[in-house]
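Below you'll find the structure, written out as C-alpha cells, and then a few comments.
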Amino acid sequence: MKLATWNVNSLKVRLPQVIDWLAAVQPDVLCLQELKLEDASFPLAAIEAAGYRAVFSGQKTYNGVAILSRTPAGEVVRGIPGFDDPQKRVIAATIDGIRIVCAYFPNGQAVGSEKFSYKLEWLAALTRWLQGEVASHPELALLGDYNIAPEDRDAHPDWPDEIHVSAPERNAFQALLALGLSDAFRRFEQAEKSYSWWDYRMMAFRRNFGLRIDHILVSTPLAQRCRSCVIDKAPRKLERPSDHAPVIVELVPAGT
DNA sequence: ATGGCGCATGGAATGCGA
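Residue numbers (the working numbering): 5 to 260.
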C-alpha cells in the first residue's frame with residue numbers, strides 16, 4: 005500500500021501532472037495541498053476518470069487540501085476541531101482502516117511576525133487534536149507540507165537561520181513526534197541533502213538549494229509496516245512544475 | 001537571498017509563498 009503527499013501549488017495548473025503521476029506511481033492515497041481553488045471548481049470528474057475518489061476542502065487563491073483514494077474515505081473531518089480558522093488547511097479521513105490526516109501547515113512568513121504566531125498557535129491546536137486521534141485510531145498517518153525542516157540536515161547548509169528552521173518550529177515538530185509518531189523518511193538510509201522543496205528562483209533546483217519540509221509521520225503500528233519512504237524528484241523536472249516534490253511511503257500488508 | 005519565479009486576482013500591479 006502506498007501513501008503519498010504533494011503540495012501542487014494550484015491544482016488547476018497541475019492537474020495534468022497529477023493525473024499522469026497517479027497513473028505512473030499508482031498510490032492508494034494521495035494527499036494534496038495548496039489547491040488554490042474553491043470546492044465548486046474541484047476537478048472531480050478528471051480524478052474519478054483516473055480511478056480515484058476524492059474528499060476536499062477548497063479555498064479561493066490560497067490553501068485548500070484534498071485526499072484522493074482508491075477506496076472510499078469515511079469519518080471525514082475538515083479543519084482542526086475546536087480551532088476556528090477560515091484557512092482551509094486540514095482534512096482527515098479513514099481509508100482502509102488507516103486514519104489519514106492531510107495538512108498544509110502555515111508558512112509563518114518571518115520569525116516573530118503575526119503570521120509566525122498564527123503558525124505556532126495552529127501547530128499547538130493540531131497537536132492537541134491529534135493526541136486524541138492517535139488514541140482512537142492506532143493506525144494514523146500525518147501527511148503534508150509541514151513548512152518545517154526538522155533538523156539541520158533537512159536544510160541546505162547555506163539556508164539562513166530563519167523561518168522553517170527556527171527553534172519554536174522545530175520544537176513543535178518534536179511535539180508531534182512525542183505523540184508516538186515517527187518520521188517515515190528517516191526510518192531508512194537516505195542520500196545527503198535530500199530535499200522536497202526548491203525555490204523557483206535562482207536555479208535553486210539545479211543547485212539543490214532546498215529544504216525537506218514535506219513529511220509523512222506514522223504511528224507505531226504503521227511504522228512497523230514501512231517498507232520504504234522516498235521523495236520523487238521527477239515531477240520537479242517537468243515544465244511548469246510545482247515547487248514541491250511528492251513524498252511516498254510504501255507499507256507492507258498488516259500482519260506480515 | 002537584496003532580488004531573481006510562479007500563481008491568483010483582475011485585466012496592471014500587488015500579495016504571498018518558502
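Ideal Cβ positions, reconstructed from N, Cα and C, are used throughout, including at glycine. Remember, predicted model here, so these are calculated numbers, not experimental data.
Taking Ala-249 as the reference, which of Leu-7, Asn-11, Lys-6 and Pro-257 has the closest Cα?
Within the first sequence, the letter at position 245 stands for residue 249. The shortest CA-to-CA distance from Ala-249 to any of Leu-7, Asn-11, Lys-6 and Pro-257 is the one to Asn-11.
Assign Phe-192 to one of two classes, buried (16 or more other C-beta atoms within 10 Å of its C-beta) or exposed (fewer than that).
As a working mapping, residue 192 is identified with position 188 in the first sequence. Counting other Cβ atoms within 10 Å of its Cβ, Phe-192 stays below 16 and is therefore classed as exposed.
Quick check on Lys-16: buried or exposed, where buried means 16 or more other Cβ atoms within 10 Å of its Cβ?
Indexing the first sequence from 1 puts residue 16 at position 12. Counting Cβ neighbours within 10 Å, Lys-16 comes out exposed, since fewer than 16 surround it.
Is it true that the segment 61-81 meets the segment 95-105, where meeting means three or more beta-carbon pairs spaced less than 8 Å apart?
With a cut-off of 8 Å on Cβ pairs, the segment 61-81 is in contact with the segment 95-105, counting three or more such pairs.
Would you mind working out which of Asp-149, Pro-161, Leu-226 and Arg-211 sits nearest Val-251, comparing C-alpha positions?
As a working mapping, residue 251 is identified with position 247 in the first sequence. Across the set Asp-149, Pro-161, Leu-226 and Arg-211, the C-alpha of Asp-149 shows the shortest separation from the C-alpha of Val-251.
Take Gln-63 and list the residues in its own chain whose beta-carbon comes closer than 6 Å to its own, dropping the five residues that flank it on each side.
By 1-based counting over the first sequence, the position of residue 63 is 59. For Gln-63, where only same-chain residues beyond five positions count, the Cβ hits under 6 Å are Lys-92.
Which class does Gly-214 belong to by DSSP, given the choice of helix, strand or coil?
By 1-based counting over the first sequence, the position of residue 214 is 210. Three-state result, Gly-214: strand.
Quick one: what does DSSP say Gly-86 is sitting in, helix, strand or coil?
In the first sequence, counting from the first residue as 1, residue 86 sits at position 82. Looking at Gly-86 - three-state DSSP - the assignment turns out to be coil, as it is neither helix nor strand.
Hey, which unbroken runs of the alpha helix (DSSP H) at 4 residues or more fall wholly within the segment 90-137?
Here no run is fully enclosed.
I need the straight-line Cα distance from Ala-97 to Ala-77, nearest angstrom please.
In the first sequence, counting from the first residue as 1, residue 97 sits at position 93. In the first sequence, counting from the first residue as 1, residue 77 sits at position 73. Note on geometry: alpha-carbon atoms of Ala-97 and Ala-77 lie some 6 Å from one another.
When Arg-18, Tyr-56, Leu-48 and Ala-50 are compared against Glu-38, the one with the closest alpha-carbon
Taking the first sequence and counting its residues from 1, one reaches residue 38 at position 34. Each of Arg-18, Tyr-56, Leu-48 and Ala-50 was checked against the Cα of Glu-38, and the nearest Cα belongs to Arg-18.
Comparing C-alpha positions only, which one of Asn-151, Gly-136 and Ile-99 sits nearest to Lys-119?
As a working note, residue 119 is residue 115 in the first sequence. The shortest C-alpha separation from Lys-119 is found at Asn-151.
Straight-line CA distance for Val-59 to Ala-70?
What you label residue 59 is simply residue 55 of the first sequence in a count that begins at 1. What you label residue 70 is simply residue 66 of the first sequence in a count that begins at 1. Rounded to the nearest angstrom, the two C-alpha atoms are 6 Å apart.
With 16 other CB atoms within 10 Å as the buried threshold, where does Ser-223 fall?
Within the first sequence, residue 223 is the residue found at index 219, counting from 1. Buried: at least 16 other Cβ atoms inside 10 Å.
Could you name the residues that DSSP lists as bridge partners for Ile-252?
As a first step, residue 252 must be located in the first sequence, where it is residue number 248. In DSSP, Ile-252 forms a bridge with Ala-8 and Val-234.
Do Ser-200 and Ile-235 have their C-beta atoms closer together than 7 Å?
Walking along the first sequence from the start, residue 200 turns up at place 196. Walking along the first sequence from the start, residue 235 turns up at place 231. Inclusion of Ser-200 and Ile-235 in the CB contact set at 7 Å is warranted, their separation being smaller than that value.
If you follow the alpha helix (DSSP H) that Ala-171 is part of, which residue opens it and which one closes it?
Locating residue 171 in the first sequence gives position 167, where the first residue counts as 1. Counted as a single uninterrupted DSSP element, the alpha helix (DSSP H) harbouring Ala-171 occupies residues 171-181.
Below 6 Å CB to CB, which residues in the same chain sit around Ala-188 once its five sequence neighbours on both sides are set aside?
Looking up residue 188 in the first sequence gives position 184. Answer for Ala-188: Ile-220, Val-222, Cys-230, Cys-233 and Val-253, listed in chain order.
Please report the Cβ distance between Leu-215 and Ala-159, rounded to the nearest whole angstrom; I am assuming they are in contact, meaning their Cβ atoms lie under 8 Å.
Residue mapping note: residue 215 aligns to position 211 of the first sequence, counting from 1. Residue mapping note: residue 159 aligns to position 155 of the first sequence, counting from 1. About 5 Å separates the beta carbons of Leu-215 and Ala-159, which is inside the 8 Å limit, making them a contact pair.
Use the C-beta contact count for Ser-246: other C-beta atoms within 10 angstroms, 16 or more gives buried, fewer gives exposed.
Here the question's residue 246 lines up with position 242 in the first sequence. Under this definition Ser-246 is a buried residue.
Helix, strand or coil for Phe-60? Go by DSSP, reduced to three states.
To locate residue 60, count along the first sequence from 1; it is residue 56. In the structure shown, Phe-60 sits in a strand (DSSP, three-state: E or B).
To which residues of the same chain is Val-138 closer than 7 Å at the C-beta, ignoring the five residues directly before and after it?
Taking the first sequence and counting its residues from 1, the one referred to as residue 138 is at position 134. These residues qualify, in order along the chain: Leu-144, Leu-183, Gly-184 and Ser-223.
Between Ala-54 and Leu-34, is the Cβ-Cβ spacing less than 7 Å?
The residue labelled residue 54 in the question sits at position 50 within the first sequence. The residue labelled residue 34 in the question sits at position 30 within the first sequence. Contact annotation: Ala-54 and Leu-34 have beta-carbon atoms that are not nearer than 7 Å.
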